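Down below is the structure, laid out as structure tokens.
2 protein chains.
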Amino acid sequence: MISAHKVCRERLGWRINRMAEFGASADGGVNRQVFSDADRAARAELNSWATQMGLELYTDPIANQFFRLMPKGVAADMAPVLTGSHLDSQPTGGPYDGVYGVVAAFEAVQALIDCGAVLKRPIEIVAWSNEEGSRFAPGCMGSMCFTGARAIEEFADTCDADRLRLGDELSKTLLSHPAMQQRDFGQSLSSYIELHIEQGPILERLGKPIGVVSGIQGCRWFNVTINGEARHAGTTPMAQRRDALRAAVGYLSDLQIALQDPDDATRFTIGRLDVSPNTPNTVPQQVSFSIDLRHPDTEELNSLTERIHTVLSQQQQGCDAVCEEIFKHAAVRFHEWVIAAIQTCAKGLDLAYEPMVSGAFHDALFLADYCPTAMIFVPSQGGVSHHPSEFTHLTDLYDGARLLAATLEHTATSTVEIQASKRTENSTK
Amino acid sequence: MISAHKVCRERLGWRINRMAEFGASADGGVNRQVFSDADRAARAELNSWATQMGLELYTDPIANQFFRLMPKGVAADMAPVLTGSHLDSQPTGGPYDGVYGVVAAFEAVQALIDCGAVLKRPIEIVAWSNEEGSRFAPGCMGSMCFTGARAIEEFADTCDADRLRLGDELSKTLLSHPAMQQRDFGQSLSSYIELHIEQGPILERLGKPIGVVSGIQGCRWFNVTINGEARHAGTTPMAQRRDALRAAVGYLSDLQIALQDPDDATRFTIGRLDVSPNTPNTVPQQVSFSIDLRHPDTEELNSLTERIHTVLSQQQQGCDAVCEEIFKHAAVRFHEWVIAAIQTCAKGLDLAYEPMVSGAFHDALFLADYCPTAMIFVPSQGGVSHHPSEFTHLTDLYDGARLLAATLEHTATSTVEIQASKRTENSTK
Chain P
31 MISAHKVCRE
41 RLGWRINRMA
51 EFGASADGGV
61 NRQVFSDADR
71 AARAELNSWA
81 TQMGLELYTD
91 PIANQFFRLM
101 PKGVAADMAP
111 VLTGSHLDSQ
121 PTGGPYDGVY
131 GVVAAFEAVQ
141 ALIDCGAVLK
151 RPIEIVAWSN
161 EEGSRFAPGC
171 MGSMCFTGAR
181 AIEEFADTCD
191 ADRLRLGDEL
201 SKTLLSHPAM
211 QQRDFGQSLS
221 SYIELHIEQG
231 PILERLGKPI
241 GVVSGIQGCR
251 WFNVTINGEA
261 RHAGTTPMAQ
271 RRDALRAAVG
281 YLSDLQIALQ
291 DPDDATRFTI
301 GRLDVSPNTP
311 NTVPQQVSFS
321 IDLRHPDTEE
331 LNSLTERIHT
341 VLSQQQQGCD
351 AVCEEIFKHA
361 AVRFHEWVIA
371 AIQTCAKGLD
381 LAYEPMVSGA
391 FHDALFLADY
401 CPTAMIFVPS
411 QGGVSHHPSE
421 FTHLTDLYDG
431 ARLLAATLEH
441 TATSTVEIQA
451 SKRTENSTK
Chain D
31 MISAHKVCRE
41 RLGWRINRMA
51 EFGASADGGV
61 NRQVFSDADR
71 AARAELNSWA
81 TQMGLELYTD
91 PIANQFFRLM
101 PKGVAADMAP
111 VLTGSHLDSQ
121 PTGGPYDGVY
131 GVVAAFEAVQ
141 ALIDCGAVLK
151 RPIEIVAWSN
161 EEGSRFAPGC
171 MGSMCFTGAR
181 AIEEFADTCD
191 ADRLRLGDEL
201 SKTLLSHPAM
211 QQRDFGQSLS
221 SYIELHIEQG
231 PILERLGKPI
241 GVVSGIQGCR
251 WFNVTINGEA
261 RHAGTTPMAQ
271 RRDALRAAVG
281 YLSDLQIALQ
291 DPDDATRFTI
301 GRLDVSPNTP
311 NTVPQQVSFS
321 IDLRHPDTEE
331 LNSLTERIHT
341 VLSQQQQGCD
351 AVCEEIFKHA
361 AVRFHEWVIA
371 AIQTCAKGLD
381 LAYEPMVSGA
391 FHDALFLADY
401 CPTAMIFVPS
411 QGGVSHHPSE
421 FTHLTDLYDG
431 ARLLAATLEH
441 TATSTVEIQA
451 SKRTENSTK
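So the protein sequences, as listed, match chains P and D. Each residue of the first sequence is one higher than the one before, counting from 31 in the numbering used here. Each residue of the second sequence is one higher than the one before, counting from 31 in the numbering used here.
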């Protein structure tokens, strides 16, 4: 626990501000797309910090960055504790999403060095490539390749909006950091701990500085299409219409009722809805909309999905609905041993915490299948992220970094080997 | 009534097919935008027909075309009976909307000449410029300028999508037909009769060949905007959302209930609905939608509008709705004397007819303020128009033309002077 007291609040603030310079946008936000010039400059900054701290620098075929603290007297093949997050941002991102978990890891490792903690394992800091997936879809590419969930060959020919190939942009990035040692994917890990901003309003509402994250919600995405008939709005009697938008309103009303949840654990969002031909004086011919459904419990998620299909199997306004599932990921439960380690350290530091489930995806989703994993959240002001106004108070950033330092110290002084808990159902598409 | 027997079914079909060549699209439809090359070629075809028939050719400052049959022994200043419609089409139009009323007028006048009917008034055929308004908004420009509802100066600088000025394109059209005599707007008229396809499904469903149109529905257009808060779909509990699309579904459900009409005389259409930012995993921040509301009775239309405002004044999902009226036109009641003339002739020709109200706008909307006016409809297959598949059987086209010939004969052998019925409320915007 002694390392937590060596975390430097001012240096942490300086690190956050320094990283926000790479890809800074005029509105105070950050646009740092993976394998861009801004991303390469941010990566170089991390390399420079790591070199100054005496860490070992590694990279892998998808340019994930690893910075290893190798304690004296520890065997080189001892599985490390891994911590970190990602550097890339959304196009209209803020200065915290992702990069905070990397920056705080540097601050925590510096604190471990400064306090002279006697570690029994290496500690590695990671900056995963392309978590956001906003330049090259899908996201979590670095952690998927590392853990073997997907093969890098699948992504090499993926192009961005300017028709630049991922393979080419990746090569440019790898070549720009020749001092890093190349490693293969899939190194052994003792555990993985990811620190992140909450991106939701719960901690702020509760007035608690820490969220101990026990898992990630399951998620299913659907596209729904409703076909009606385009008709003249002035000449077609209501009784003779098959109005796709009236049908959609009926379906959406029924779905809202069918998915009501008194516990407020279900997340049900219609974020996209498109009308065709979308002119004021034509009865809508077609409506398509997305469904984003999430729940912390996979069985409940499946039961909610059944309710969706039941609602959509009814006709509305003489129209049928066609529902296609485009994405599915089972709920993830993090590892009790890592969760317990975080809780123990939070209590030791007298930090009030809330047990919670992550509503958003993170690289930890894929690490959870690979090694004992858990996450720590700090509050997001107004629950806002993916926006220039994304903000977390320095006090909260500091508390998160102190808890991370203590948890790394706790886990890296243990030589217990824990097995990752395997999920039974994997993601599709 | 003798003229009706001289209408030639085959020549009518030939005229329709001939006109469909001007602006013919590959899919069998017609794209004949006002003041385009195709429009000028179609106008030249009419001039050629009129010259062969011995009619007098006139035009006015907005290039409305008039073709006058001047019976022997009738004073030159005797107010004529006017009939016709428009040549321009929607971009994805069919071969009937508008042009049928002009073509049938030529066929009817030819029949009047052929039967040697003794007329007491001149008859004029009109092809109004720019009824559709799809190249240069707004529509009904020719009839609005003729009747003085709007001044041509307001439109001269209007540009199309290619930045071509209406004033320039209009001049090109006027110069291309030098044989036409120039007249001013606002000639005296005895009455106006417009023949048109129904553009709705009513006559086809009833199995009747003729609609005797007693007026045009009143219409009010609104834009509604609902402001919520953009939030992460995974991290934001349902209870803490202000979801603009959930709010919109609530408003639309309530509006559908509030505007239910057991008589099915109300037309209530949400044709356009836009969601922002419209991504699957973001709670919608803003929804805007159009309301197209029509009713044959202006008082009922105003009462329905009050109901809309009542529904929209309630909050939904913590969101407010802002409603802006962007267009308003009172219901139009056509002239009893002209309606009676059409009914008399339909009975005389043993044509079953349905009294009906037009759901769509027509140039007759503006003529109704100017002189005794009414319309005749023929069936539209499937109620479809503004589409290449727009279709009316030749038998129905023939019946419409016969009824028009008989009605022109009936009204042009009367010397009674009828006053136009003035509406109390005019269109805005």
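We treat Cβ as the ideally placed atom computed from N, Cα and C, and that holds for glycine. Note that the structure is predicted; figures quoted are calculated from it, not measured.
_Distance cutoff 8 Å, beta carbons only. Does Pro326 of chain D sit that close to anything in chain P?_
no
Quick check on Asp294 of chain P - is its C-beta less than 8 Å from some C-beta in chain D?
True, the Cβ-Cβ gap to chain D drops below 8 Å.
Original post:
Under 8 Å between C-beta atoms, does Gly389 of chain P make it to chain D?
Top reply: yes
Item to complete: Taking 8 Å as the threshold, find out whether the stretch 135 to 147 of chain P comes into contact with the stretch 236 to 255 of chain P through three or more Cβ pairs.
Response: Counting Cβ pairs under 8 Å, fewer than three are found: no touch.
Interface residues of chain D facing Ala191 of chain P [CB-CB closer than 8 Å]:
What Ala191 of chain P touches in chain D: nothing, since even the nearest Cβ is about 15 Å away.
Between Ser164 of chain D and Asp393 of chain D, is the Cβ-Cβ spacing less than 8 Å?
no
**Message:** Rounded to whole angstroms, what is the Cα-Cα separation between Leu149 of chain D and Gly128 of chain D?
**Reply:** 27 Å
When the Cα atoms are used, what is the spatial distance from Ile338 of chain D to Ile321 of chain D?
Roughly 10 Å between the two C-alpha positions.
**Item:** Where the alpha helix (DSSP H) containing Ser318 of chain P begins and where it ends
**Value:** No alpha helix (DSSP H) contains Ser318 of chain P, which is instead part of the beta strand (DSSP E) from 316 to 325.
- prompt: Mind listing which residues of the stretch 67 to 80 of chain P have their C-beta closer than 7 Å to chain B's C-betas, in chain order?
  reply: Among the chains of the structure shown, chain B does not appear; the protein chains present are P and D.
Query raised in the report: How should Ile356 of chain D be labelled, buried or exposed, when 16 other C-beta atoms within 10 angstroms of its C-beta is the threshold for buried?
Result: exposed
To test your reading of the DSSP string, which unbroken beta strand (DSSP E) runs of 3 or more residues are found completely within the stretch 354 to 390 of chain P?
383 to 388
- Item | Proximal residues of chain P, C-beta to C-beta of Ala394 of chain D below 9 Å | Ordered by position in chain P, no residue passes the 9 Å Cβ test against Ala394 of chain D, which lies about 14 Å from the chain.
task: Take every Cβ of the stretch 389 to 407 of chain P, pair it with every Cβ of the stretch 230 to 249 of chain P, and state whether three or more of those distances are shorter than 8 Å.
output: yes
- Which partner residues does Tyr222 of chain D have in the DSSP bridge list? D:Leu112, D:Thr403
Would you report the Cα separation of Arg48 of chain D and Phe166 of chain D, rounded to the nearest angstrom?
-> 25 Å
Let me see if you follow: with CB-CB separation under 8 Å, is His440 of chain P close to chain D or not? no
_If distances are taken between C-alpha atoms only, which option among P:Cys401, P:Leu236, P:His359, P:Val352 comes closest to Thr328 of chain P?_
P:His359
Can you find the residues in the same chain that come closer than 6 Å, C-beta to C-beta, to Thr177 of chain D, ignoring five residues on each side of it along the sequence? Around Thr177 of chain D: Phe396, Tyr400.
Q | Outcome for Ala157 of chain D when other beta-carbon atoms lying within 10 angstroms are tallied against a minimum of 16 | A | Classification of Ala157 of chain D: buried, given that the 10 Å Cβ count is 16 or more.
Which residue's Cα is closest to the Cα of His226 of chain P: P:Gly241, P:Gly258, P:Thr81, P:Val139? P:Gly241
Practice item. From the DSSP output, in three-state form, read off Val60 of chain P for me. Key: strand
**Study point:** Opening and closing residue of the beta strand (DSSP E) in which Tyr126 of chain D lies
**Key:** Per DSSP, Tyr126 of chain D belongs to no beta strand (DSSP E) and is neither H nor E.
Discussion item. Against chain D, with Cβ distances strictly below 8 Å, would Pro239 of chain P count as a contact?
Written reply: Interface residue (Cβ-Cβ distance to chain D less than 8 Å): Pro239 of chain P is not classified as such.
Exercise. Based on the DSSP secondary-structure assignment, which residues constitute the bridge partners of Arg297 of chain P?
Worked result: P:Arg324
Q: Starting from the Cα of Gly258 of chain P, find the closest Cα among P:Val243, P:Ala278, P:Cys38 and give me that residue.
A: P:Ala278
Per-residue contacts from Pro310 of chain P into chain D (C-beta, under 7 Å) = Trp251, Gly301, Arg302, Ser320, Asp322
| field | Residues near Met210 of chain P in its chain [Cβ-Cβ closer than 8 Å; skip 5 each side] | value | Asn77, Leu87, Tyr88, Thr89, Gln95
Q) Opposite Glu161 of chain P in the DSSP bridges: which residues? A) According to DSSP, Glu161 of chain P bridges with nothing at all.
message: For Leu219 of chain P and Pro110 of chain P, which I take to be in contact (beta-carbon distance under 8 Å), what is that distance rounded to the nearest angstrom?
response: 6 Å
Quick check on DSSP: helix, strand or coil for Thr445 of chain P?
coil
8 Å is my cut-off, CB to CB: does Leu334 of chain D come that close to chain P? no
**Prompt:** Is the CB of His262 of chain D under 8 Å away from at least one CB in chain P?
**Reply:** yes
- Boundaries of the beta strand (DSSP E) in which Cys249 of chain D is found, first to last residue: 248 to 257
If we count the other Cβ atoms within 10 Å of its Cβ and call it buried at 16 or more, is Lys238 of chain D buried or exposed? buried
Nonlocal neighbours in the same chain, by C-beta distance under 6 Å from Arg213 of chain D, ignoring five residues either side:
Tyr88, Asp90
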